[in-house]
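Protein chains: 2
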Amino acid sequence: MDERTLLLLGMLRIESQHGYQLNEFIEHNLARVTDMKKPTAYALLDRLEQSGAIASRLEQEGNRPPRKVYAITEQGRQLFLRLLRETLSSAEPYVIAGDVGLMFLDALPLDEALKLLEQRLAEVRAQVAAIEKVPAHHLGLGIDLAIEHQAVLLRADDAWLTQLIERLQTRQSTSSTPAAPSAANGQ
Amino acid sequence: MDERTLLLLGMLRIESQHGYQLNEFIEHNLARVTDMKKPTAYALLDRLEQSGAIASRLEQEGNRPPRKVYAITEQGRQLFLRLLRETLSSAEPYVIAGDVGLMFLDALPLDEALKLLEQRLAEVRAQVAAIEKVPAHHLGLGIDLAIEHQAVLLRADDAWLTQLIERLQTRQSTSSTPAAPSAANGQ
DNA sequence: GGGCGCATGTAATGAGTTACATGATTGA
DNA sequence: TCAATCATGTAACTCATTACATGCGCCC
Chain R
1 MDERTLLLLG MLRIESQHGY QLNEFIEHNL ARVTDMKKPT AYALLDRLEQ
51 SGAIASRLEQ EGNRPPRKVY AITEQGRQLF LRLLRETLSS AEPYVIAGDV
101 GLMFLDALPL DEALKLLEQR LAEVRAQVAA IEKVPAHHLG LGIDLAIEHQ
151 AVLLRADDAW LTQLIERLQT RQSTSSTPAA PSAANGQ
Chain S
1 MDERTLLLLG MLRIESQHGY QLNEFIEHNL ARVTDMKKPT AYALLDRLEQ
51 SGAIASRLEQ EGNRPPRKVY AITEQGRQLF LRLLRETLSS AEPYVIAGDV
101 GLMFLDALPL DEALKLLEQR LAEVRAQVAA IEKVPAHHLG LGIDLAIEHQ
151 AVLLRADDAW LTQLIERLQT RQSTSSTPAA PSAANGQ
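See below:
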């Protein structure tokens with residue numbers, strides 16, 4: 001929740017915007033950084049306004065639906081800075097969804113495990129490729145940094161998975177037992 | 001939720017256990033792989049039993065509280081395999097909590113940003129160290145694999161953060177403006 | 001006798017998602 | 001005329017967490 005609040009405040013700090021605008025930007029440019037959905041953003045904006053971190057004024061252009069344009073307040077800036085300092089200074093231990101699967105690799109015959117891991121590898125590579133062809137310097141801000149970070153992790157994942165598949169393949173040619181190597185430590 | 005179900009089924013596939021036992025093992029050995037809490041596990045076991053994936057029998061030892069020992073059923077094995085194939089073959093794009101902070105690095109004076117990132121780096125390194133001194137081959141299963149994966153990602157994070165701090169430091173000596181480098185792509 | 005371990009949960013709460021509602025405008 | 005875009009939300013639901021309840025046995 002704090003992350004989402006930080007994101008909204010950070011975006012409003014750069015420029016006053018209405019909810020739709022924020023949501024569009026998030027959906028089109030920040031899908032890799034956050035997975036916040038639209039109603040969540042609207043609800044958060046409401047709460048932030050009630051707590052005084054942001055303030056809204058109604059705006060209307062022609063006969064279009066009225067917009068609620070939010071501006072960050074001084075109080076909001078303080079909150080923003082506090083949240084920013086918190087997130088930057090700490091490293092939440094990440095829990096990777098797919099890791100549970102790895103634990104039970106040996107429940108499948110080796111050749112099937114290999115086939116599945118190769119599918120996973122293909123997806124990881126597709127994600128790397130997708131990131132790499134993003135034009136860079138999206139806007140003045142440090143989005144690039146976040147994207148770069150993602151790319152680094154994805155490449156590490158790629159390398160490890162590739163190596164894991166190789167390890168499993170050598171085992172395939174020697175014996176004919178179920179999967180899971182003896183975990184020769186990475187590095 | 002699927003991950004948690006997969007985990008419980010996978011553990012029961014190896015050995016019939018009661019809830020307390022499962023929870024203890026998760027808390028002591030799998031904290032890095034999952035963050036499922038006890039009441040969640042109990043509730044999930046309930047639901048799995050109702051759906052027929054597992055079956056329980058009551059057991060009592062002396063005057064201790066009675067235990068509900070769960071065993072996986074044939075139906076549960078099928079479910080387990082389906083979930084396992086799903087997780088192994090796909091790569092969920094991960095959303096890293098701390099990445100939002102990176103986006104707004106330039107909202108802080110460079111020297112403070114550096115100080116905070118160094119704190120983050122220290123935490124990452126502490127996590128790497130903690131992982132590296134885990135004894136390995138926990139049990140017959142592929143936990144080691146999941147741990148190894150974590151270690152690989154953490155080391156990649158370490159390297160990237162270290163490099164980011166360096167990049168920011170050279171910028172510090174040259175100019176005196178706020179943070180955020182031009183994101184020279186990480187290899 | 002006081003606290004920890006064993007073993008099960010329940011109740012209240014919260015955060016977030018999905019699916020839906022509304023209603024005008026613009027382009028094919 | 002039909003669909004998409006603009007712009008705001010609401011309602012129902014799911015998932016998970018936190019805090020609490022219970023009660024016996026064991027060890028210091």
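Protein chains in written order, with the numbering used here: chain R, 1 to 187; chain S, 1 to 187.
Ideal placement from N, C-alpha and C gives every residue a C-beta, glycine not left out.
In this text, all values refer to a predicted model and were calculated from it rather than measured experimentally.
| request: Could you tell me whether the region 113-125 of chain S touches the region 80-100 of chain R, where touching means 3 or more Cβ pairs closer than 8 Å? | output: yes
| request: Can you grab the Cα-Cα spacing for the pair S51 of chain S / D106 of chain R, in whole Å? | output: Inter-residue distance for S51 of chain S and D106 of chain R is about 26 Å (C-alpha atoms, whole angstroms).
| field | Cβ neighbours of I188 of chain S in the same chain (closer than 8 Å, five flanking residues each side left out) | value | Given a span of 1 to 187 for chain S in the structure shown, any question on residue 188 of chain S remains unanswerable.
| query | Since Y94 of chain R contacts I165 of chain S with CB under 8 Å, what's their CB separation in whole angstroms? | reply | That pair is no contact at about 20 Å.
| field | R82 of chain R versus M11 of chain R: straight-line alpha-carbon distance, rounded | value | 15 Å
| Ranges of the alpha helix (DSSP H) found wholly within the region 20-98 of chain R, counting only runs of at least 4 | 38-50, 74-89
| said: For a contact defined as C-beta to C-beta under 7 Å, what are the partners of A156 of chain S on chain R? | reply: V152, L153, A156
| Using a Cβ-Cβ cut-off of 8 Å (strictly less than) and excluding sequence neighbours within five positions of T34 of chain R, which residues of its own chain qualify? | E3, R4, L7, I26
| Using the C-alpha atoms, what's the distance from Q163 of chain R back to P109 of chain R? | 19 Å
| said: By the DSSP assignment, the alpha helix (DSSP H) with L117 of chain R in it spans what residues? | reply: Unbroken alpha helix (DSSP H) run through L117 of chain R: 110-132.
| Should the region 57-67 of chain R be regarded as contacting the region 37-46 of chain R, the criterion being three or more beta carbon pairs within less than 8 Å? | no
| query | Near Q172 of chain S, what residues of its chain come up, given a Cβ to Cβ distance below 8 Å and the 5 sequence neighbours on each side ignored? | reply | L110, D111, L114
| request: Could you tell me the distance, in whole angstroms, from the CA atom of G76 of chain R to the CA atom of M103 of chain R? | output: 44 Å
| By Cβ distance below 8 Å, which residues in the same chain neighbour Y20 of chain R in space, the five residues on each side in sequence not counted? | R67, listed in sequence order.
| request: Step through the CB atoms of chain R and report whether any lies within less than 8 Å of the CB of H28 of chain S. | output: H28 of chain S is outside the set of residues whose beta carbon lies under 8 Å from a beta carbon in chain R.
| Whole-angstrom distance between G98 of chain R and V134 of chain S, CA atom to CA atom | 21 Å
| Environment of Q78 of chain S [buried if 16+ CB atoms lie within 10 Å] | Residue burial annotation: Q78 of chain S is exposed, with fewer than 16 other C-beta atoms found within 10 angstroms of its C-beta.
| Minimum Cβ-Cβ distance from P66 of chain R to chain S less than 8 Å | Chain S places no beta carbon closer than 8 Å to that of P66 of chain R, leaving this residue out of the contacts.
| field | Nearest residue (CA-CA) to V69 of chain R, options R:N23, R:Q169, R:F80 | value | R:N23
| said: Here's the rule: buried if 16 or more other CB atoms are within 10 angstroms of the residue's CB, otherwise exposed. What is Q127 of chain S? | reply: By the neighbour-count rule (16 or more Cβ atoms within 10 Å), Q127 of chain S is buried.
| Top-ranked residue by Cα proximity to E49 of chain R, from R:V124, R:H18, R:G62 | Closest option to E49 of chain R, Cα to Cα, is R:H18.
| field | Residue environment, M36 of chain R, which counts as buried when at least 16 other CB atoms sit within 10 Å | value | buried
| Would you say L91 of chain S faces chain R, with C-beta separation under 8 Å as the test? | In the sequence under discussion, the amino acid at residue 91 of chain S is Ala, which differs from the Leu named in the question. Taking Cβ atoms only, chain R reaches closer than 8 Å to A91 of chain S, which makes this a yes.
| request: Compile a chain-ordered list of the residues in the region 72-96 of chain S whose CB is closer than 7 Å to at least one CB of chain R. | output: L84, R85, T87, L88, S89, S90, A91, E92, P93, Y94, V95, I96
| Pick from S:L168, S:R167, S:D157, S:L9 that is closest to E74 of chain S, judged by C-alpha positions | S:L9
| Nearest to I72 of chain R by alpha carbon, out of R:A129, R:S16, R:D158, R:A159? | R:S16
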